[in-house]
Amino acid sequence: MGIDYQERIPNNVDLAGNATLQRALEHWQPRFLDWWREMGPSDFLDAPVYLRTATSVDAKGWASWGEVKMPDYRWGIFLAEPEADRTIGFGDVMGAPAWQQVPGEHRMTLRRLIVTQGDTEPASVEQQRLLGHLAPSLYDLRSLFQVNVEEGRHLWAMVYLLHAYFGRDGREEAEALLARHSGDADRPRILSTFNEPIEDWLSFFLFTYFTDRDGKFQLMSLAESGFDPLARTCRFMLMEEAHHMMVGVNGVARVVQRTLEVMMERKTEEPDKLRAAGAVDLPTLQRYLNFWFSSSLDLFGAEVSTNAASYFATGIKGRPDEGHYNDHVCRDNVLAVETPDGAQDVPLRNAMNEVTRQAYIKDCDNGVQRWSKMIAQAGFASRLTLPSPRFHRTIGAWANRFIDPTGKPVSEAEWQARRDKWLPSAGDKAFVKSLMRPVTAPGKVAGWIAPPERGVNRLPADYEYVRLA
Ligand code: BYC
């Protein structure tokens, strides 16, 4: 069966003119749709959703808006416009022309990075599969589905690279991206965070705040890549990624706002009283924040990494905003990296994961400070904070150690005894889940979260963003 590619798959890679690629995608597309129906948002397949669809790479008007049923979403393939005579901006190959094809010696490494990136995209859709049934408003339900379809498009972006540049093994990897599943005992997703369940909207908002932000930093690193099609693909993906983080920024802020309203009404900070009034108490929010932040820190890899050094040296993966640094070769410098055995001077190239993680932590802190400011302005003493980066790690130098949220080592017994003060307990999860009663009337919002400040794309907040039968 032929597909009208310009119509069905908006693209700027001349799909219609590339018979080999067409055949590969013709084979993959029905499998993707089967996966979407089986593993994507549960139900809602027939509901028209007000969605943004990427339709060009024009910075002024790259998307169109309209009602669409999710299985009919036009998952397109876009690369940012090429930069004429682009050269590689870092590493031992600095100044060499960017590669338009995969250099043989980097084939395995590039494939692995593209597969790792690609794996996260469908993983997140799988993690969020059941949230549609618990949405606090139609506005939020739309946000969830927007994030989901765009993660689907990001999978398409990586599958395009695999099909177009990696031949038969690329096609096999593209199949495997649909065969691994989040949390599956036998075939889990590759990276740890993407196997964690997301069963409530508080987790969703913290995931979009912290984990999508890791996505931003990883995409920014890959946007520097010497492999030009990867760099251009990631640059375009970053435009969509910004919205995903806004969902998290605003979502958490709305939870904080609602909690503060209840705290002021009841003149109390006591968790039990706030819970009884249907609000998320701040210590519970802090525990959810601790979990998703620490898990997302693991996604940057080990503090000291020969993989990271060789990605940088060979021009495969740079630093986010590489252009902002003075030294792009990084052969002679060291970074003082904290490890359980004390500070170590690590050759800068081997510490690239840590360099990126530090930039990420700073970015994360901005929002946390804003939420704390809201609490201060409401006249309360408590604050939200980022835990120490050593806390609750499973990857790198601090993995599987008993460290409290301030970064202090504690005994295993103390850690176990205090765990439920630091991370969501079974009781916290049951309470948060108990709040998740769906609200589906246009303009109405669940009691545990403040309404959004404004609607989407200049529509009113009470617009019927998802038309449920
Ligand atoms: N879980 O040398 P190391 C996103 C493995 S999120 C499990 O430190 P490296 C999104 C590692 O694979 C962005 N395993 O690692 C967000 C290696 O295994 P092997 C995703 C892990 O290679 C929300 C070993 O440990 N993008 O887009 O320097 C919604 C040694 O590690 C983990 C990318 O990840 C972990 N957390 O760096 C939707 C970009 N961490 O080879 C989407 C592509 C490490 O020894 N990936 N390992 O068996 C990369 O750049 C790198 O693979 C990593 C790790 C930064 C992830």
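Just so you know, we're using the working numbering here: the sequence shown kicks off at -13 and counts up by one.
From the three backbone atoms N, C-alpha and C, an ideal C-beta is built for every residue, glycine too.
Rounded separation between A436 and E107 - CA only
Within the sequence shown, residue 436 is the residue found at index 450, counting from 1. Within the sequence shown, residue 107 is the residue found at index 121, counting from 1. Whole-angstrom Cα-Cα distance: 29 Å.
Using the rule of at least 16 other Cβ atoms within 10 Å of the residue's Cβ for burial, across every protein chain shown, is Y297 buried or exposed?
Here residue 297 refers to the residue found at position 311 of the sequence shown. With 16 or more other Cβ atoms within 10 Å, it is buried.
Using the Cβ count rule (16 or more neighbours within 10 Å means buried), how would you classify Y311?
As a position in the sequence shown, residue 311 is number 325, starting the count at 1. Exposed: under 16 other Cβ atoms inside 10 Å.
For G234, which option in D258, T270 and F279 has the closest C-alpha, if you only look at C-alpha atoms?
Walking along the sequence shown from the start, residue 234 turns up at place 248. The shortest C-alpha separation from G234 is found at F279.
The alpha helix (DSSP H) that contains A403, what's its start and end?
Residue mapping note: residue 403 aligns to position 417 of the sequence shown, counting from 1. E398 to W408 is the span of the alpha helix (DSSP H), which, as asked, contains A403.
For A412, which residues of its own chain have a beta-carbon under 7 Å away from its beta-carbon, when the five flanking residues on both sides are left out?
Here residue 412 corresponds to residue number 426 of the sequence shown, with the count starting at 1. Answer for A412: no residue qualifies.
Residues near M(-13) by beta carbon distance below 8 Å, same chain, minus five either side:
As a first step, residue -13 is located in the sequence shown; it is residue number 1 there, counting from the start. Bear in mind that the predicted position of M(-13) carries a pLDDT of just 42, short of 50, making it unreliable; the figure below should be weighed with that in mind. So the list reads E12, once near-sequence residues are dropped.
In the DSSP assignment, what are the bridge partners of P34?
The residue given as residue 34 occupies position 48 in the sequence shown. According to DSSP, which records beta bridges pairwise, P34 is partnered with K55.
For A160, write down the residues that DSSP places opposite it in a beta bridge.
Counted from its first residue, the sequence shown places residue 160 at position 174. Answer by DSSP bridge pairing: none, since A160 is not bridged.
Sort out for me which residues DSSP pairs W61 with in a bridge.
Position 75 of the sequence shown, counted from the first residue, corresponds to residue 61. DSSP, once it has assigned bridges, lists no residue as partnering W61.
Taking three-plus beta-carbon pairs below 8 Å as touching, is the segment 330 to 347 in contact with the segment 179 to 190?
no
Which residue wins for smallest C-alpha separation from A150, given the options A432, T6 and W434?
Start at 1 with the first residue of the sequence shown, and residue 150 comes out as number 164. Per the Cα distances, T6.
Alpha carbon to alpha carbon, what distance is there between D267 and L461?
Any answer about residue 461 is impossible in this case: the structure gives the chain only from -13 up to 455.
For A143 and T325, what's the separation of their Cα atoms in angstroms?
On the sequence shown, residue 143 is found 157 positions in, with the first residue counted as 1. On the sequence shown, residue 325 is found 339 positions in, with the first residue counted as 1. Going from the Cα of A143 to the Cα of T325 covers about 37 Å.
Please report how far the alpha carbon of V442 lies from the alpha carbon of V332, in whole angstroms.
As a working mapping, residue 442 is identified with position 456 in the sequence shown. As a working mapping, residue 332 is identified with position 346 in the sequence shown. About 47 Å.
May I ask you to list the residues that DSSP assigns as paired with W85?
Your numbering for residue 85 matches position 99 in the sequence shown. BP columns for W85 point to F213.
Would DSSP call T371 helix, strand or coil?
As a working mapping, residue 371 is identified with position 385 in the sequence shown. Three-state DSSP puts T371 in coil, outside helix and strand.
Hey, out of S211, G3, E53 and I184, whose CA is closest to A117's CA?
Locating residue 117 in the sequence shown gives position 131, where the first residue counts as 1. The amino acid at residue 117 is misidentified as Ala; the sequence shows Leu. Per the Cα distances, I184.
Given 8 Å as the limit, is there contact between the segment 88 to 99 and the segment 65 to 76, that is, 3 or more CB pairs closer than that?
no
Count the CB pairs spanning the segment 358 to 369 and the segment 299 to 319 that are closer than 8 Å, and state whether there are at least three.
no
Go ahead and pull the three-state DSSP assignment for V320.
Mapped onto the sequence shown, residue 320 falls at position 334. Strand at V320.
So, is K407 buried or exposed, given that buried needs 16 or more other C-beta atoms within 10 angstroms?
Residue 407 sits at position 421 when you count from the first residue of the sequence shown. Flag for K407 reads exposed.
Flag D349 as yes when its Cβ comes closer than 7 Å to any non-hydrogen atom of ligand 1, and as no otherwise.
For the purposes of this step, residue 349 is identified with residue 363 of the sequence shown, where counting begins at 1. No, since every heavy atom of ligand 1 falls outside the 7 Å radius drawn around the Cβ of D349.
Using a Cβ-based criterion (distance less than 7 Å to any ligand heavy atom), does N(-3) qualify as near ligand 1?
Taking the first residue of the sequence shown as position 1, residue -3 is located at position 11. N(-3): no, Cβ never under 7 Å from ligand 1.
Residue(s) in a DSSP beta bridge with V452:
Along the sequence shown, read from residue 1 onward, the residue named residue 452 stands at position 466. Answer is V35, bridged to V452.
Hey, does R440 have any beta-carbon neighbour from chain C nearer than 8 Å?
Among the chains in the structure shown there is no chain C, since it carries only a single protein chain.
Does the distance from the C-beta atom of P531 to that of L1 stay below 8 Å?
The chain is shown from -13 up to 455; residue 531 falls before or after that span and cannot be answered.
Spatial neighbours of P27 within its chain, please: CB distance less than 7 Å, with the 5 preceding and 5 following residues excluded, ordered by chain position.
Position 41 of the sequence shown, counted from the first residue, corresponds to residue 27. Within the same chain, P27 has close Cβ partners M56, R115, G118, F131 and N134.
Please classify N(-3): is it buried, with 16 or more other beta-carbons within 10 angstroms of its beta-carbon, or exposed?
Taking the sequence shown and counting its residues from 1, the one referred to as residue -3 is at position 11. Classification for N(-3): buried.
Does ligand 1 have a heavy atom nearer than 7 Å to the CB of D198?
By 1-based counting over the sequence shown, the position of residue 198 is 212. Under cutoff, so the answer is yes.
Among Q113, L141, E247 and A209, which has the Cα closest to the Cα of F191?
As a working mapping, residue 191 is identified with position 205 in the sequence shown. Closest option to F191, Cα to Cα, is Q113.
Distance cut-off 7 Å: I302 Cβ against heavy atoms of ligand 1:
Your numbering for residue 302 matches position 316 in the sequence shown. No, the Cβ of I302 stays beyond 7 Å of every heavy atom of ligand 1.
Within a Cβ cutoff of 8 Å, which residues of the same chain sit near G201, ignoring the five residues on either side of it in sequence?
For this step, residue 201 is matched to residue 215 along the sequence shown. Taken in chain order, the residues that qualify are T106, E227 and H230.
Rank R128, F76 and K430 by C-alpha distance to the C-alpha of F30 and give the top, closest one.
In the sequence shown, counting from the first residue as 1, residue 30 sits at position 44. With distances taken between Cα atoms, F30 lies closest to R128.
Please report the Cβ distance between F213 and V88, rounded to the nearest whole angstrom; I am assuming they are in contact, meaning their Cβ atoms lie under 8 Å.
Sequence index remark: in the sequence shown, residue 213 carries index 227 (1-based). Sequence index remark: in the sequence shown, residue 88 carries index 102 (1-based). With a Cβ gap of about 6 Å, F213 and V88 count as contacting.
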